[in-house]
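By this note's numbering, the letter at position 243 of the sequence shown is numbered 273, and the numbering carries on one by one without gaps. Virtual Cβ for every residue (Gly too), placed ideally from N, Cα, C. Taking it in order: structure first as structure tokens, then the write-up.
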Amino acid sequence: MKILLLSASALVALTSLASAADLPSRAAIAVPATAPAFSWSGFYAGVHGAWVRDDSEAERAGLSGVASALIPIRAGLSDSSLGGGAQIGYLWQTGSLVVGVEADLTAMNLARTRTFETTNGAITLRTDLGSQMNLFGTVKGRAGVALPSLLPVFQQSLVYVTGGLAYAQIERQGRITVAPTGLGPEARQEDWTLGFVIGAGTEHTLTQNVSLKTEALYYSMADESLTLAREGDEAVYRFKNNGWISRIGLNIRF
31 MKILLLSASA
41 LVALTSLASA
51 ADLPSRAAIA
61 VPATAPAFSW
71 SGFYAGVHGA
81 WVRDDSEAER
91 AGLSGVASAL
101 IPIRAGLSDS
111 SLGGGAQIGY
121 LWQTGSLVVG
131 VEADLTAMNL
141 ARTRTFETTN
151 GAITLRTDLG
161 SQMNLFGTVK
171 GRAGVALPSL
181 LPVFQQSLVY
191 VTGGLAYAQI
201 ERQGRITVAP
211 TGLGPEARQE
221 DWTLGFVIGA
231 GTEHTLTQNV
241 SLKTEALYYS
251 MADESLTLAR
261 EGDEAVYRFK
271 NNGWISRIGL
281 NIRF
């Protein structure tokens with residue numbers, strides 16, 4: 031009987047020890063996995079909407095065969111337009127510092143034409159000068175600071191400055207019409223113009239892979255000359271294009 035009781039006691043003790051040894055592993059299984067820390071590093075692509083304000087002007091730079099008092103010296107061609115486009119880029123993060131590069135392209139229909147009429151005796155000269163921007167893009171760097179978001183909707187925020195190369199497809203045109211003959215110098219050209227862009231922006235994460243971006247940029251394009259000519263009459267105008275572009279969009283990270 032004693033042997034039987036001792037055996038039963040030993041079996042209970044071993045069972046208790048085995049259960050106790052199994053407790054840590056069960057507790058470890060129950061611990062939830064830790065969410066990965068967010069990082070801005072990596073490729074991204076997205077789309078945006080834009081508002082563009084172009085403060086362009088045409089300034090007379092040369093004249094031959096036409097009375098200077100009959101055509102304008104300067105024509106303001108400022109206008110604004112809505113547009114939209116896409117962007118792609120890459121960011122690197124080290125600590126709270128975030129740097130990167132981005133390329134984007136925005137389509138728009140930004141056009142303005144001004145008409146001037148001057149009469150000298152029986153002759154009336156009508157001068158039409160116009161500028162139209164169809165595409166605007168940048169290739170620029172970004173440098174900023176990552177911050178915890180102050181708004182509950184977002185997870186992280188990025189405040190940055192940016193700057194780099196700007197390029198635009200611009201059509202410039204001019205025509206001088208002589209009444210009553212209807213003859214006069216004219217010209218039209220459409221090409222890509224280079225310039226620079228500087229600005230600042232913010233970006234806020236909605237999820238680990240989706241972020242909302244806002245940006246304001248100032249751009250200045252290189253001056254371009256347009257020569258209006260016909261039968262010895264010639265007028266040269268220098269076109270200047272600079273202004274502001276504001277954008278809001280979404281980026282998806284890979």
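Residues that residue i bridges to, as DSSP identifies them
i, result
"PHE166", "THR136, ALA198"
"PHE5", "Lying before the first or after the last residue shown, residue 5 is absent from the chain, which here runs from 31 to 284."
"ALA97", "ALA97 pairs with nothing; no bridge assigned."
"PRO178", "GLN186"
"PHE284", "The partner list for PHE284 (beta bridge, DSSP) is empty, contrary to what the question assumes."
"ALA285", "Residue 285 lies beyond the stretch modelled for the chain, which goes from 31 to 284, so this question has no answer here."
"ASN150", "ILE153"
Residue environment, residue i, which counts as buried when at least 16 other CB atoms sit within 10 Å
i, result
"ARG104", "exposed"
"ARG218", "exposed"
"ASP221", "exposed"
"PRO178", "exposed"
"LEU180", "exposed"
"GLU245", "buried"
"ALA97", "exposed"
Nearest candidate by alpha-carbon position, reference residue i, set the options
i, options, result
"ILE275", "GLU264, PHE166, LEU247", "LEU247"
"ALA265", "GLY95, GLU87, ALA67", "GLY95"
"GLY279", "THR223, PHE73, SER111, TRP81", "TRP81"
"THR232", "VAL128, THR257, GLY92, ALA67", "VAL128"
"PHE68", "GLU261, ASN271, LYS243, HIS234", "HIS234"
"ALA99", "THR154, GLY114, PHE184, ILE200", "THR154"
"THR149", "SER241, ILE101, ALA259", "ILE101"
"ALA88", "ALA173, ASP263, LEU258, GLY262", "LEU258"
"ALA209", "ALA133, PRO182, GLU132, ALA152", "ALA152"
"ASP158", "ARG142, ASP134, ALA173", "ARG142"
"VAL131", "GLU147, THR168, THR211", "THR168"
"ARG277", "GLU216, GLY115, ILE206, GLY92", "GLY115"
"ARG144", "GLY92, GLN162, LEU93, PRO182", "GLN162"
"ARG172", "GLY204, ALA198, ASP134, MET138", "ASP134"
"ILE228", "LYS170, GLY119, ILE118", "LYS170"
"ILE200", "LEU256, GLN117, PRO182", "LEU256"
Own chain partners of residue i with C-beta closer than 8 Å, once the 5 adjacent residues on each side are dropped
i, result
"ARG56", "With a pLDDT of 44 at ARG56, under the threshold of 50, the modelled position of this residue cannot be trusted, and the question is left open."
"PHE226", "GLY193, GLY194, LEU195, ALA196, TYR249, SER250"
"SER289", "One cannot answer for residue 289 here, as it falls past the ends of the chain, which runs 31 to 284."
"PHE184", "HIS234, THR235, LEU236, LEU242"
"PRO54", "Note that PRO54 scores 48 on pLDDT, short of 50, meaning its location in the model is unreliable and no value can be drawn from it."
"ASN272", "ASP84, ASP85, SER86, GLY225, TYR248, TYR249, SER250, MET251"
"ALA60", "Below a pLDDT of 50, predicted positions are generally treated as unreliable, and ALA60, at 49, falls in that range; no measurement from the model is reported."
Same chain only: Cβ atoms within 7 Å of residue i, ignoring 5 sequence neighbours per side
i, result
"GLU254", "ARG202, THR223, PHE269"
"SER71", "LEU121, TRP122, GLN123"
"MET31", "Note that MET31 scores a pLDDT of 40, beneath 50, so its modelled location is shaky and nothing firm can be said."
"LEU36", "Only weak support exists for where LEU36 lies, its pLDDT of 38 falling under 50; the coordinates are left without a value."
"PRO215", "ILE206, LEU258, ALA259, ARG260, ASP263, GLU264, ALA265"
Distance CB(residue i)-CB(residue j) smaller than 9 Å
i, j, result
"ARG83", "TYR267", "no"
"LEU107", "THR136", "no"
"LEU213", "ARG156", "no"
"GLY160", "LEU112", "no"
Neighbourhood of residue i by C-beta, 6 Å cutoff - its chain only, sequence neighbours within 5 removed
i, result
"VAL175", "SER126, VAL189"
"ARG283", "GLY72, TYR74, ASN239"
"ASN281", "TYR74, GLY76, SER241, LYS243"
"GLY262", "GLY95"
"PHE146", "PRO102, THR157"
"ALA230", "VAL191"
"SER187", "LEU177, SER179, HIS234"
"MET138", "VAL82, SER111, GLY113"
"GLY92", "VAL266"
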